[in-house]
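Asker:
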Amino acid sequence: MNLHASSQCVIIAAMHQNFAGIYYEQLTPFVIQGKPTAEQLGSAFRDAFNGFSIKDANLSGFNRSDWPAFKASDLHTVKEFERRFKSISCVSCNSSNAVVRASVAHPTHPSIEMSVSFNPLAAPETIGVSLLHLFEAANAT
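First residue of the sequence shown? That's 28 in the working numbering, and the numbers climb one at a time after it.
(1) Determine the direct distance from the alpha carbon of residue 56 to that of residue 151, and round the result to whole angstroms.
(2) Using the C-alpha atoms, what's the distance from residue 51 back to residue 63?
(3) In whole angstroms, give me the CA-to-CA distance for residue 102 and residue 95.
(4) When you compare the CB positions of residue 131 and residue 165, do they come within less than 9 Å of one another, or not?
(5) Using the Cα positions of residue 76 and residue 68, report the straight-line distance between them to the nearest angstrom.
(6) Taking the beta strand (DSSP E) that residue 57 falls in, what are its first and last residues?
(7) Taking the alpha helix (DSSP H) that residue 67 falls in, what are its first and last residues?
(8) Looking at the structure shown, is residue 30 part of a helix, part of a strand, or coil, going by DSSP?
(9) Using the Cβ count rule (16 or more neighbours within 10 Å means buried), how would you classify residue 126?
Written out as structure tokens, the structure reads:
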């Protein structure tokens, strides 16, 4: 799952994985206008995480401007999208999906990531609090 967060909205994109093992965003991301509550964010995360599927697709002609999250942002350029939104990647840490790691690039050291780990079956509010803390930390510097 990819979560793209700005001060104006959050875009949550469920992912597919093609047969070559490449992850790509599903066509219809979920958009929350304004700052979400922890429960809203946690519920949206859970829906996107549970929506993951393996679906083959040829991505050879796929451009960054084709990203569903970029299209949902209504911004004019990918450069503007990447400047305004923090991309938080959420991935399972084990085959049982008992632990999810959410990570974002450090704002001043792009080769370093900040992350939180949580149980995806926790209460939506608990998940949302973890994701909001990560977003706030990424914007602190």
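Think of the CB as a built atom: it goes at the ideal place given N, C-alpha and C, for glycine as much as any other residue.
Answerer: Checking against the coordinates, here is how it stands:
(1) For the purposes of this step, residue 151 is taken as the residue at position 124 of the sequence shown. For the purposes of this step, residue 56 is taken as the residue at position 29 of the sequence shown. Annotation: residue 151 to residue 56 spans about 18 Å, alpha carbon to alpha carbon.
(2) Taking the sequence shown and counting its residues from 1, one reaches residue 63 at position 36. Taking the sequence shown and counting its residues from 1, one reaches residue 51 at position 24. Roughly 24 Å between the two C-alpha positions.
(3) Taking the sequence shown and counting its residues from 1, one reaches residue 102 at position 75. Taking the sequence shown and counting its residues from 1, one reaches residue 95 at position 68. If you take the alpha carbons of residue 102 and residue 95, they lie about 12 Å apart.
(4) Residue mapping note: residue 131 aligns to position 104 of the sequence shown, counting from 1. Residue mapping note: residue 165 aligns to position 138 of the sequence shown, counting from 1. Yes.
(5) What you label residue 76 is simply residue 49 of the sequence shown in a count that begins at 1. What you label residue 68 is simply residue 41 of the sequence shown in a count that begins at 1. Spanning the two alpha carbons is a distance of roughly 12 Å.
(6) Taking the sequence shown and counting its residues from 1, one reaches residue 57 at position 30. It spans 57-60 - the beta strand (DSSP E) in which residue 57 sits, taken as one unbroken run.
(7) Within the sequence shown, residue 67 is the residue found at index 40, counting from 1. Taken as a continuous stretch (DSSP letters only), the alpha helix (DSSP H) holding residue 67 covers 65-77.
(8) Mapped onto the sequence shown, residue 30 falls at position 3. Of the three classes helix, strand and coil, the one that applies to residue 30 here is strand, per DSSP.
(9) On the sequence shown, position 99 is the one that residue 126 refers to. Exposed.
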